[in-house]
Amino acid sequence: MKRIWFGVVFLFLLMGLMACEHKELCYGHPHFATVRVVFDWTKISNHDKPEGMRVVFYPVDDESNTWIFDFPEGKDGKIEIPENDYRVICFNYDTDGMVWMESGSYTLFTADTRDTNSPDGKQMAVTPPWLCGDHIDEISLIDIPEGTERVVRLVPVNMVCHYTYEVNGIRGLERLVDLRAALSGMSGSLNMAADCLPADLSESLFFGGMVSQNQIVGGFYTFGYSALDGQPNVFRLYLKNRSGSMSVLEQDVSDQVHDVPVVGHVGDVHIVLNFGYEIPSEPGSDGAGFDVDVDDWEDINVDIIL
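Residue numbers for the sequence shown follow this note's numbering, so the first one is 944 and each next one is one higher.
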């Protein structure tokens, strides 16, 4: 009888020890919060909604352990995420051609564009696609009552400028077989959390254009101008004629770029250029530009945004 009673007591003690051990393991697991991510689109009026939005949650205590969620069509959605204090960045993910740098760091996360070369061999940067986004410096997703959800509201804003241009006074446009353009004193990068241009970075952007009636016109997106002190914004036009030679025309457009008010780094600009130049039918120019023999140009896929 004593043996049976001892066995029962031992069994209950063992069950108690197992229960305590299980409870400690349970406390070791992170508790998940139910969060509803809401997008407020009232700040975007000059562009359609994107294909989708990506939201990156950076834990304050270990920002390398990011949580990333995609929201097709930028619609609101519900997520489950470990309770913690976070910093948040969101942006549209239909950004072909964008190069994302330092994505594991909230403060260093940068939108960048790839390098390319102009027809005369100068290093330049490709223009970025349209970009919108928002950021939250810190939000607490801790101690959310069971059965409830916390709302994270994001308000995407336009993060790029829209530049358009028109070139007048070019004769012999029927002899033109290809054209490119560039603008110096610009930025090819953007810090996502600060929504600002990196300091001391000034690049030339490389983009396309087209002939429309008696003009050359084009448009592109850019993060904004970042010309260093004393450095002008120079527009360069590369014109390739039927003989395969290239004429390069340039003009200082600093006043037109800087006369447009900006909010932060964003401000839309329309550039008007006037040249008195005729595209030659044979190698050689009439003095308004300079002529260079070139091989086949590198193909750059650029949307002509007018």
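The beta carbon of each residue, even a glycine, is placed where N, CA and C say it ideally should be.
Note that the coordinates shown come from a computational prediction; the quantities given were computed from them, not determined experimentally.
Does the beta-carbon distance from L1126 to L1182 come in below 7 angstroms? no
Taking 7 angstroms as the threshold (C-beta atoms), are Y1036 and Y1001 in contact? no
Among V1206, L1122, D1211, which has the Cα closest to the Cα of L1192? Nearest to L1192 by C-alpha distance, out of V1206, L1122, D1211, is L1122.
Please return the same chain residues whose Cβ sits closer than 8 angstroms to the Cβ of D1017, not counting the five positions on each side in sequence. The amino acid occupying residue 1017 in the given sequence is Gly; Asp does not appear at that position. Cβ within range, chain order: F982, W984, K992, P993, G995, M996, N1035, P1099.
Work out the CA separation of G1128 and V1069 for me, nearest whole Å. For V1069 and G1128, the distance between alpha carbons rounds to 14 angstroms.
Looking at the secondary structure, which residues open and close the alpha helix (DSSP H) in which H1201 lies? 1197-1201
Is the beta carbon of E1026 closer than 7 angstroms to that of I1085? yes
How close, in whole Å, do the beta carbons of E1081 and T977 come, if the pair is a contact with beta carbons under 8 angstroms? Rounded, the Cβ-Cβ distance is 20 angstroms, inconsistent with contact.
Helix, strand or coil: how does DSSP classify R1118 here? helix
Look up G1162 in the DSSP assignment and give the residues it is bridged to. T1107
Inter-residue spacing [alpha-carbon to alpha-carbon] between A1137 and N1184: 44 angstroms
I'd like the list of long-range same chain contacts for R1057, defined as Cβ closer than 8 angstroms, with 5 residues on each side in sequence excluded. Here the set comprises G1040, V1042, A1068, V1069.
Could you pull out every residue in the same chain whose Cβ sits closer than 6 angstroms to the Cβ of L1116, ignoring the five residues on either side in sequence? If the five residues before and after L1116 are omitted, its C-beta is found closer than 6 angstroms to the C-beta atoms of V1154, all from its own chain and listed in chain order.
Let's test the definition: count the other Cβ atoms within 10 Å of the Cβ of H965 and tell me whether it reaches 16, buried, or not, exposed. Interpretation of H965 is limited by its pLDDT of 38, a score under 50 that renders its predicted location unreliable; no figure is taken from the coordinates.
Which residues in the same chain as V1095 place their Cβ atom closer than 6 angstroms to its Cβ, once the five residues preceding and following it in sequence are excluded? V978, V980
Secondary structure of G1210, DSSP reduced to three states: coil
Give the C-beta separation of M1102 and L1148 to the nearest angstrom, bearing in mind that I take them to be a contact with Cβ-Cβ under 8 angstroms. About 16 angstroms separates the beta carbon of M1102 from that of L1148, a gap too long to meet the 8 angstroms contact definition.
Check whether the Cβ of C1104 lies closer than 6 angstroms to any heavy atom of the ligand NAP, and answer yes or no. Among the ligands in the structure shown, none appear at all, so the ligand NAP cannot be discussed.
Using 7 angstroms as the threshold, is the C-beta distance between L1144 and G1167 below it? no
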